[in-house]
Amino acid sequence: MNIEKSLQQDISKAFSTLFQAELKADEIALQPTRKEFEGSHTFVCFPYARLSKKNPEETGKLLGTHLVENSEVVEDFNVVKGFLNLVLTDATWVGAFKDIFNAENFGFQPANGKEVMIEYSSPNTNKPLHLGHLRNNFLGWSVAEILKANGYNVHKVQIINDRGIHICKSMVAWQLYGDGETPESSGKKGDKLVGDYYVKFDQEYKKEIAELEKKGMAKEQAEKEAPIFKKAQELLLKWENKEPEVYQLWQTMNGWVYDGFDVTYKTMGVDFDKLYYESSTYLLGKEQALEGVEKGVFFQKEDGSVWVDLTDEGLDQKLLLRADGTSVYMTQDIGTAILRFTDFPKISKQIYTVGNEQEYHFNVLFKILAKLGYSWAKECYHLSYGMVDLPTGKMKSREGTVVDADDLMQEMVDTAKAHTAELGKVDDFTKEQAKELYEILGLGALKYFLLKVDPRKRMLFDPEESIQFHGNTAPFIQYTHARISAILRKADQLGIKPDYNSFDNLNSLHGSEVGIIGTLSDYPKKVKEAGENYSPDVIAQYVYDLAKDYNRFYQEISIFNEEDQDALKFRIALSTVVAQTIQKAMGLLGIKVPSRM
RNA sequence: GGUCCGCUAGCUCAGCUGGAUAGAGCAACUGCCUUCUAAGCAGUAGGUCUUAGGUUCGAAUCCUAAGCGGAUCACCA
């Protein structure tokens, strides 16, 4: 029996007997008691004074007295300024813990038969992944896990933006300046190599613009007339016409990028159930655009370009096909969405994990899909997250202030290594064990740092702070797990194996033990909340609180010096559940926990 | 200019379905390792919750306006 529900029912009954007033159990709001007062649950009397026809203070006193006499769970109470603080019996806490200890998959919901699709990552294939992608990938992957924990069947997908003017830019630069360079010939990671040519393009492009401007051309026109830019445009057109030479180069260079991405995804610990490629969805989008013209939902301008008019929705007109027939970003997103709902007809929701600078884009996309008559358009949701800023300001790829994903992850692992070596606690580890530990710690620290913040908010990435191993960090939580693991190893050696009835005669609990049980009881609620709001930060915050609670207990109470066998077994059981919960909650964030560190 | 988002301790963030004296971490200062891992624990100090109105028994939380910062309004993705 859930503690909160028992209390709600008892309070409801009390209102009926004491005040002859009807108050439904599920309408009763209880809040956690502030730590400066005695008790665990607080009933705020003000809103109910109307029902009790007594002032809040009086209501609280009558209610408290009645509960102590009639409720099995209430031991004591105090009323402070209209707040009724309830102290529960230790038996109640032990009972609640027994249920948790016994639970099959505590905190997780059984399958609910619903399917959702979540998209994340979705990089362009013209440059390597960076810090912003890390937030995106960790967020999307974590939300997927959290939704699974809430009983959904989840499909993790991404759309790889493998075609378009951006990749053509890299291709042109490689044709002009590449001299046949390949990842094999230069030893460069494929995505880095292609990214270098994207930068090269931009440098040359700027030079050409400057030259044209010098000759008296307006900047805007120079941007369109620069020869290298025109070459990129030509390549795009040739690509859409599937000219073999261009198509092959495109395939080769994308192949290099995919090889590079694979390595990065593997390090990140992120994966996908299905990949969509823009190159194979944009044609469907084109068809839709043309069909839309026939249906009269879209219109064509004199130059042949296709547009949608959303002015009646408070938005603007939006281009869907260029005059030369080539498609834009929006075109392929229409095709992709349709394809996905065709592939997975049962999905009840599609979540797009994409930065908040694209809010307008998705707003428009969903409206277009609705206009085309797709009823599922309203089930599309843009999980919009904030930018990652650096202490030096915004990341700008063209100014070289981008934090590369591979470099950053490596740096985190290196730092974990240095810090661990300094402490010297795992000097007996084999090389492989040590390497694994450094990766668990370094990647964990990074993931936690990026996930503990509300995704909707923009956040500051301070490299100094991100590699901190104290305080509200993954290593702190991982350390707590390692400590518990040491205790459980010892308990195992001593043959202490608590079961459901091992602590039936336990007659008193310490405050820190009650605190842990209270926090554990919150876990299912937190998993649900994190799922409803697509907020891994709820889990991050929770698991930190749990670790803190355990560390206080660890510091205050000795386990193995305890003579009372019931108390000893209870503490082992409590430690077991905390370790499992830490492990599972961190798992929802994609963070592993070591048994020694 | 229109639309949207943010503003809480020196810094980074919780709290936001209205509840008590607004919480953590970092940084600073003070204690605690012959005891299950000190990557820890306990404590001190640090706040007109951007401002002004309003609703309410009660507002960091809801409403209105202003200020500051950001995003967006591309034949870029």
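Under my numbering, read the first sequence as residues 4 to 600, first letter to last. Even for Gly, the Cβ is constructed at its ideal location relative to N, Cα and C. Small disclaimer: the values here were computed from a predicted structure and weren't measured.
Rounded Cβ spacing between K298 and W310 (contact assumed at less than 8 Å): In fact, because the Cβ distance is near 14 Å, the residues do not count as touching under 8 Å.
Would you call G338 buried or exposed, if buried means 16 or more other Cβ atoms sit within 10 Å of its Cβ? Buried, since its Cβ has 16 or more Cβ neighbours within 10 Å.
How far does the beta strand (DSSP E) with V309 in it extend, from its first residue to its last? Element bounds for V309: V309 to D312.
Beta-bridge pairing of N508 - partner residues as DSSP gives them: Beta-bridge pairing links N508 to no other residue.
So for R231, helix, strand or coil by DSSP? The sequence shown places Ile at residue 231, rather than the Arg named in the question. It is helical.
Whole-angstrom Cβ separation of C171 and L238, contact assumed at under 8 Å? Yes, C171 and L238 are in contact; Cβ-Cβ is about 4 Å, under 8 Å.
What residue range does the alpha helix (DSSP H) around V546 cover? Where V546 is concerned, the enclosing alpha helix (DSSP H) stretches over P539 to E559.
Q544 to D407 span [Cα, whole Å]: About 27 Å.
How big is the Cα-Cα spacing for G63 and D29? The alpha-carbon atoms of G63 and D29 are separated by roughly 19 Å.
In the structure shown, what three-state DSSP assignment does D274 receive? In the structure shown, D274 sits in coil (DSSP, three-state: anything other than H, G, I, E or B).
Paired residues, beta bridge with K352 - DSSP: DSSP output for K352 lists V119 as bridge partner(s).
Assign N73 to one of two classes, buried (16 or more other C-beta atoms within 10 Å of its C-beta) or exposed (fewer than that). So N73 ends up on the exposed side.
In angstroms with no decimal places, state the Cα-to-Cα distance between I575 and N5. Their backbone Cα atoms lie some 22 Å apart in a straight line.
DSSP-derived helix/strand/coil call for P35: Note: P35 maps to strand in three-state DSSP.
By how many angstroms is the C-alpha of K397 removed from the C-alpha of Y547? So the alpha carbons of these two residues sit roughly 29 Å apart.
Identify, in the order they occur along the chain, each residue of the same chain with its Cβ nearer than 6 Å to the Cβ of Y250, setting aside the five sequence neighbours on each side. Same-chain partners within the cutoff: there are none.
Reduced DSSP category for I499 - H, G, I as helix; E, B as strand; rest coil: Assigned with DSSP and collapsed to three states, I499 falls in coil, not helix or strand.
Could you check if A213 is buried or exposed, using at least 16 other CB atoms within 10 Å of its CB as the buried criterion? Looking at its Cβ environment, which holds fewer than 16 other Cβ atoms inside 10 Å, A213 is exposed.
C-alpha gap between F109 and G593, whole angstroms: Whole-angstrom Cα-Cα distance: 18 Å.
Give the DSSP-derived three-state secondary structure of H385 in the structure shown. DSSP places H385 in strand when its eight states are reduced to three.
Going by DSSP, what residue range makes up the beta strand (DSSP E) through T45? That run of the beta strand (DSSP E) goes H44 to V47.
Residues bridged to S330 [DSSP beta-bridge criterion]: L324.
Could you tell me which residues DSSP pairs with D410 in its beta bridges? Under DSSP, no beta-bridge partner is assigned to D410.
Are the CB atoms of T334 and A292 within a distance shorter than 8 Å? Judged by their CB atoms, A292 and T334 are nearer to each other than the 8 Å cut-off.
Is the CB-CB distance between R459 and G514 below 8 Å? For R459 and G514, no; Cβs fall outside 8 Å.
With DSSP as the reference, identify every bridge partner of I490, one or two as the case may be. In the DSSP assignment, I490 forms no beta bridge with any residue.
Verify the contact flag: E211, CB atom, against every heavy atom of the ligand MN, threshold strictly below 7 Å. For the ligand MN, the structure offers nothing, since it holds no ligand at all.
Boundaries of the alpha helix (DSSP H) in which V581 is found, first to last residue: Q568 to L591 is the extent of the alpha helix (DSSP H) around V581.
In whole angstroms, give me the CA-to-CA distance for D194 and T128. So the alpha carbons of these two residues sit roughly 8 Å apart.
Determine the extent of the alpha helix (DSSP H) in which I604 is found, giving its start and end residues. Any answer about residue 604 is impossible in this case: the structure gives the chain only from 4 up to 600.
Tell whether a beta-carbon distance below 8 Å holds between V160 and Y279. Between V160 and Y279, the gap from beta carbon to beta carbon is short of 8 Å.
Hey, quick one: how far does the alpha helix (DSSP H) through D194 stretch, first residue to last? Bounds of the alpha helix (DSSP H) holding D194 are G193 to K217.
As a quick exercise: from S173, L134 and I121, pick the residue whose alpha carbon is nearest that of K151. For the set S173, L134 and I121, the Cα lying nearest the Cα of K151 is the one of I121.
Bounding residues of the alpha helix (DSSP H) (the contiguous stretch that carries Q436): Annotation: the continuous alpha helix (DSSP H) that includes Q436 extends over K434 to L454.
Could you pull out every residue in the same chain whose Cβ sits closer than 7 Å to the Cβ of K203, ignoring the five residues on either side in sequence? Only A176 and Y180 meet the Cβ criterion.
According to DSSP, is V266 part of a helix, a strand, or is it coil? V266 falls in the helix class under three-state DSSP.
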